[in-house]
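So the protein lines, in turn, are chains A and B. To convert, note that position 394 of the first sequence is 394 in the UniProt record's numbering; the numbers rise steadily by one, no gaps. To convert, note that position 120 of the second sequence is 120 in the UniProt record's numbering; the numbers rise steadily by one, no gaps. C-beta atoms are modelled at their ideal positions from N, C-alpha and C, and glycine is treated no differently. Right, one structure below, let's go through it.
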Amino acid sequence: MKCADCVRLINQVDRELSHEEGRQLQDHIAGCEHCQSMLLQEVDEVDADLSKPWPIVSASDHFTEKVMAEILQVEELQQGPIRRKKWSGSRLWQRAGITAAVLLLALTVGVVSSPTLAHYVTSIFSESFIVEMQRGGDLGFSQKVNQKVTDQGITMLVDEILVDPLKMYVSIRFFTEQNQELEASIEFENKDNRIFLSDQNGKYIRTEVQHSYGFETLYLPENIPNDLILNLKVNRLDLHNEAYTKDEKKVNPTYGSWHLKVPVSLEKSKSATQTIPIHKTYTSPQGFILEADRLVLTPMESKLILSSKMNEQELARMESRVQAGVKVYNSLYPDKVTAQELWDFFGTNATVMWEIVDEKGKVVMDTNGADGEFYGPIEPNKKLTYRTVYIEKAEPSDLLLTFTPADLNKQPLTFTNEGNTFVLKSFRIAPEPNPAHGTSGYVGIVEAEFTYHQDSYEYRGIDAIGLGIVKMEKEDRSTEKDRPHAITITIRDFPKGRENQPVTITASQLVKRYENVDWSFDMVSPAR
Amino acid sequence: MEEDQEWVKQVLGGDSHAFAHLVNKYKNRVCSLLVRMGNSPEDAEDFAQSAFVNAYKSLQKYDASRPFSAWLNKIAINCCLQAWRRAEKHPSVPLQESNTAHTYEENPESFYLALEKQNELFAVMEELASHYRIVLTLRYFEEMSYQEIAETMQVPVTTVQVHLYRAKKKLRELMGKRGKLHEMC
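Have a look at this one:
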């Protein structure tokens, strides 16, 4: 085989090598440095991307249990009928009592043992990849429930609850009469099913409920009593058909009556929770009222309870932005919006980014995009300082850039919007490198210079009316905000000849980021 | 690794429950490997379950001087390849990204950008023939040597090299076709 044959074979990517070809290639490559080096040449972007860590796919919640159930079955079969035990369920955790007892003894006499083993047999929450759940499970704040109710041949089991004064995680599972676990879900946002808390006298306690990571999560209000009743009224179950395809998940609604009242005690987690009262209010120069209420350190997490709202002045300004947004939107699009819809979308609160630092200036807690939550212990008796990093708020935009593209090459056009200045300097049409079927095959490119107001962060929802998608390639403008920045606006699917007709570019949102917010205060972490 | 050996010792000493630690530790890694090889998440879990059970059954044969994870992965790959051979079909299901567990050390924005970029690459990988996907997975996810891949797939080392070369070439072609390569720059 010659090098040319070898290269030809190697590059035929769409057919598989025959065994004979493989052998011939091997013979040739073994003695040919040129072909060897061609094969091993790996440095390019694809290679670099492949070489980065690949994402890890999570196994399903009960994977370990399933494996262990099968292993223990194998074990039993190997050991023969005499030693075979009859397990009541498929849960490893229910079957691990002996191990747990042995382990407890081992720990008592000081034999070195993995602490995770103790936790693993203690709580299903210990197995979670959610840090707060894992911590709560590991620290023993999970409550075994094992309450069940059967109807229509289906048993609903509430097996464990993990609770602290901020959140309650509830694990609900379903089984057939043969004790086979069913893949089922309950939707609580409908009239059939309810999950709610009450006090011991049956008084309803308002909570927000979310389904996440295989658990129902109830967000608890402040000053919640120690003794609660979790009320579950399930009248409709959605059983998932195992034969579903990825695109079409088959769900069979099954009706019945699965009602349970589960007593839950907050006593243990409440006694382990510390609260630093803050009760501080601040109004930013832009009219955002920030209220830091308290810092709560529970066994599972630490959370700063901080809220934001607008003052009257900012509400009035927002109302004018809403009206302007409605006007522009309704003048451009056939589907109309109302002011109320925009208010509902944008809301009256802001995103507040903050951090809490210790005496050395080390950040011990911050928003980190996680809605004010953080996970990690804080040392006792330390002076902590809260600092606001910035306040961000999206508002309706009335940006309107209307221009005739071809004319830009003769005369640049300048627009202003909300203190931002846009100079559209030139226009050209270029072939789309990889045009989609049914498109013009061209893109329109506007070279521009933007000068942003110091509070403007970015426009979102940019659209060229009646044309293709608009992309703005921006310079990094994290510094020197007030200088002009070169921007390339690319309008996809731009028909040739269209450059002599007016084009309108608009944006649905303008995000403002206020960095000149000077609010900080000190507090002391509790003695533990 | 020492921790793994300790658990293996406990299992071999009669405490089968200790095996759950190994399952817990490696389940996501094994499932990821199998998904990347081209299996649906459901099939990947089935193969992973078989792999763990097989590993448990043949734990006596495990050479404790070598990493447990490498031994386990080999079992998982064999489980999958055997199942494919039995079914005489190669999977072509899309890879699923919704259930991935990631961490980021830089800022969230750059993390998500990198993630998006990588997800595009994985999306394009779906279009590759399964033998290309397997060599890419073994080489880049498992970080196996050419020799190890050759042994696992029972093909000559040259075939592995050619498959890898072709897989990346095809990947570049597909990325180019989708017009994604230039956006990634």
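Figure out for me which residue from the options has the closest Cα to the Cα of residue i.
{"i": "Ile154(A)", "options": "Ser185(A), Val163(A), Met168(A)", "result": "Ser185(A)"}
{"i": "Ile445(A)", "options": "Leu424(A), Val262(A), Ser37(A), Ile29(A)", "result": "Leu424(A)"}
{"i": "Asp15(B)", "options": "Tyr56(B), Ala44(B), Phe68(B)", "result": "Tyr56(B)"}
{"i": "Met153(B)", "options": "Ala123(B), Glu173(B), Lys177(B), Ile77(B)", "result": "Ile77(B)"}
{"i": "Ile278(A)", "options": "Leu266(A), Leu306(A), Lys268(A)", "result": "Leu306(A)"}
{"i": "Asn73(B)", "options": "Gln161(B), Ser32(B), Leu136(B), Arg172(B)", "result": "Ser32(B)"}
{"i": "Ile75(B)", "options": "Met175(B), Glu151(B), Leu174(B)", "result": "Glu151(B)"}
{"i": "Leu39(A)", "options": "Leu9(A), Lys268(A), Tyr282(A)", "result": "Leu9(A)"}
{"i": "residue 530(A)", "options": "Leu400(A), Asp407(A), Glu447(A)", "result": "Any answer about residue 530(A) is impossible in this case: the structure gives chain A only from 1 up to 528."}
{"i": "Asn311(A)", "options": "Lys66(A), Ala339(A), Gln286(A)", "result": "Gln286(A)"}
{"i": "Pro484(A)", "options": "Gly468(A), Ser440(A), Phe422(A), Leu218(A)", "result": "Phe422(A)"}
{"i": "residue 196(B)", "options": "Asn11(A), Ala316(A), His211(A)", "result": "This structure cannot speak to residue 196(B), because chain B is shown only from 1 to 185."}
{"i": "Phe19(B)", "options": "Gln49(B), Tyr146(B), Gly38(B)", "result": "Gln49(B)"}
{"i": "Ile224(A)", "options": "Lys270(A), Glu216(A), Gly256(A)", "result": "Lys270(A)"}
{"i": "Ala350(A)", "options": "Thr275(A), Glu392(A), Arg513(A)", "result": "Glu392(A)"}
{"i": "Met156(A)", "options": "Val262(A), Phe174(A), Ser198(A), Leu220(A)", "result": "Phe174(A)"}
{"i": "Thr273(A)", "options": "Gly136(A), Thr439(A), Ala436(A)", "result": "Gly136(A)"}
{"i": "Lys233(A)", "options": "Glu20(A), Asp49(A), Glu183(A), Trp258(A)", "result": "Trp258(A)"}
{"i": "Glu181(A)", "options": "Lys362(A), Ala69(A), Pro412(A)", "result": "Ala69(A)"}
{"i": "Leu228(A)", "options": "Thr254(A), Lys261(A), Leu237(A)", "result": "Lys261(A)"}
{"i": "Thr348(A)", "options": "Ile378(A), Gly361(A), Glu314(A)", "result": "Glu314(A)"}
{"i": "Glu142(B)", "options": "His21(B), Val35(B), Val11(B), Val162(B)", "result": "Val35(B)"}
{"i": "Pro253(A)", "options": "Leu304(A), Glu183(A), Lys471(A)", "result": "Glu183(A)"}
{"i": "Glu515(A)", "options": "Lys280(A), Ile56(A), Met353(A), Lys471(A)", "result": "Met353(A)"}
{"i": "Asn119(B)", "options": "Trp54(A), Leu139(A), Asn179(A)", "result": "Trp54(A)"}
Report yes if the CB atom of residue i is closer than 8 Å to the CB atom of residue j, and no otherwise.
{"i": "Ile487(A)", "j": "Ala464(A)", "result": "no"}
{"i": "residue 541(A)", "j": "Glu45(B)", "result": "What is shown of chain A runs 1 to 528, which leaves residue 541(A) out entirely."}
{"i": "Val170(A)", "j": "Leu239(A)", "result": "no"}
{"i": "residue 535(A)", "j": "Phe188(A)", "result": "Outside the shown range of chain A (1 to 528) lies residue 535(A), about which nothing can therefore be said."}
{"i": "Leu384(A)", "j": "Val524(A)", "result": "yes"}
{"i": "residue 529(A)", "j": "Lys327(A)", "result": "What the structure shows of chain A is the stretch from 1 to 528, and residue 529(A) is not part of that stretch, so it cannot be assessed."}
{"i": "Asn193(A)", "j": "Asn235(A)", "result": "yes"}
{"i": "Ala59(A)", "j": "Asn28(B)", "result": "yes"}
{"i": "Glu432(A)", "j": "Tyr442(A)", "result": "yes"}
{"i": "Ser302(A)", "j": "Met365(A)", "result": "yes"}
{"i": "Ser142(A)", "j": "Ile172(A)", "result": "no"}
{"i": "Ser320(A)", "j": "Phe288(A)", "result": "no"}
{"i": "Lys124(B)", "j": "Ala167(B)", "result": "The question names Lys, but residue 124(B) is Val in the sequence shown. No, these two residues do not count as a Cβ contact at 8 Å."}
{"i": "Thr402(A)", "j": "Gln501(A)", "result": "no"}
{"i": "Val322(A)", "j": "Glu355(A)", "result": "no"}
{"i": "Asn434(A)", "j": "Lys177(B)", "result": "yes"}
{"i": "Ser130(B)", "j": "Gly38(B)", "result": "yes"}
{"i": "Lys382(A)", "j": "Ser456(A)", "result": "no"}
{"i": "Phe196(A)", "j": "Thr207(A)", "result": "yes"}
{"i": "Gly256(A)", "j": "Gln152(A)", "result": "yes"}
{"i": "Phe494(A)", "j": "Gly466(A)", "result": "no"}
{"i": "Leu25(A)", "j": "Val162(B)", "result": "yes"}
{"i": "Thr137(B)", "j": "Gly22(A)", "result": "no"}
{"i": "Val11(B)", "j": "Leu59(B)", "result": "yes"}
{"i": "Ala361(A)", "j": "Leu342(A)", "result": "Note that residue 361(A) is Gly in the sequence shown, not Ala. Their beta carbons are not under 8 Å apart, which means Gly361(A) does not touch Leu342(A) by this criterion."}
{"i": "Ser51(A)", "j": "Tyr140(B)", "result": "yes"}
{"i": "Val7(A)", "j": "Arg172(B)", "result": "no"}
Residue i CB to nearest chain C CB: under 8 Å?
{"i": "Arg29(B)", "result": "The structure shown contains no chain C; its protein chains are A and B."}
At a threshold of 7 Å, does residue i count as lining the ligand ATP (C-beta to nearest heavy atom)?
{"i": "His28(A)", "result": "This structure lacks the ligand ATP; in fact it carries no ligand of any kind."}
message: Against chain B, which members of the stretch 49–76 of chain A pass a CB distance test of less than 7 Å?
response: The stretch 49–76 of chain A vs chain B, Cβ under 7 Å: Asp49, Leu50, Ser51, Lys52, Trp54, Pro55, Ile56, Val57, Ser58, Ala59, Ser60, Phe63, Thr64, Lys66, Val67, Met68, Glu70, Ile71, Leu72, Val74, Glu75.
- prompt: How about the stretch 500–509 of chain A and the stretch 382–400 of chain A: do they share at least three Cβ pairs that are nearer than 8 Å?
  reply: Taking 8 Å as the limit for Cβ pairs, the verdict is that the stretch 382–400 of chain A does touch the stretch 500–509 of chain A.
- prompt: Counting pairs of Cβ atoms below 8 Å between the stretch 279–298 of chain A and the stretch 160–177 of chain A, do you hit three or more?
  reply: Yes, the stretch 279–298 of chain A is in contact with the stretch 160–177 of chain A.
field: the stretch 64–83 of chain B in contact with the stretch 2–16 of chain B per 3-pair CB rule at 8 Å
entry: The stretch 64–83 of chain B is in contact with the stretch 2–16 of chain B.
task: Report the residue ranges of all beta strand (DSSP E) runs contained in full by the stretch 164–238 of chain A; include only those spanning at least 3 residues, in chain order.
output: Fully enclosed beta strand (DSSP E) runs of 3 or longer: 167–175, 194–199, 208–212, 215–219.
query: Going along the chain, which unbroken runs of the alpha helix (DSSP H) with 4 or more residues stay wholly within the stretch 405–446 of chain A?
result: If only complete runs of 4 or more residues are kept, the stretch 405–446 of chain A shows the alpha helix (DSSP H) at 405–408, in order along the chain.
- request: Anything in the stretch 250–262 of chain A with a Cβ closer than 8 Å to a Cβ of chain B? List those residues in chain order, please.
  value: Using a CB distance below 8 Å, no part of the stretch 250–262 of chain A faces chain B.
- request: At 3 residues or longer, and completely inside the stretch 292–365 of chain A: list those beta strand (DSSP E) runs for me, N to C.
  value: DSSP runs (the beta strand (DSSP E)) wholly in the stretch 292–365 of chain A: 302–310, 351–357.
- prompt: Given a limit of 8 Å on CB to CB distance, which residues of the stretch 224–239 of chain A reach chain B?
  reply: If the cut-off is 8 Å between Cβ atoms, the stretch 224–239 of chain A has nothing near chain B.
- request: Could you run through the stretch 150–163 of chain B and flag, in chain order, every residue whose CB is less than 9 Å away from some CB of chain A?
  value: Those would be Val155, Pro156, Val157, Thr158, Thr159, Gln161, Val162, His163, in chain order.
- request: With 7 Å as the limit, tell me which residues of the stretch 52–75 of chain B have their beta carbon closer than that to any beta carbon of chain A; keep them in chain order.
  value: So the close ones are Phe52, Val53, Tyr56, Lys57.
query: Whole beta strand (DSSP E) runs in the stretch 247–294 of chain A with 3 or more residues, listed along the chain?
result: Restricted to the stretch 247–294 of chain A, the beta strand (DSSP E) segments that are unbroken, complete and at least 3 residues in length are 251–265, 274–283, listed in chain order.
query: Along the stretch 20–32 of chain A, what residues have a CB closer than 8 Å to any CB found in chain B?
result: For chain B, the residues of the stretch 20–32 of chain A that bring a beta carbon within less than 8 Å of one of its beta carbons are Gly22, Arg23, Leu25, Gln26, Ile29, Ala30, in chain order.
query: Which residues, in chain order, does the stretch 166–180 of chain B contribute to contact with chain A at a C-beta distance below 9 Å?
result: Flagged, chain order: Arg166, Ala167, Lys168, Lys169, Lys170, Leu171, Arg172, Glu173, Met175, Gly176, Lys177, Arg178, Gly179, Lys180.
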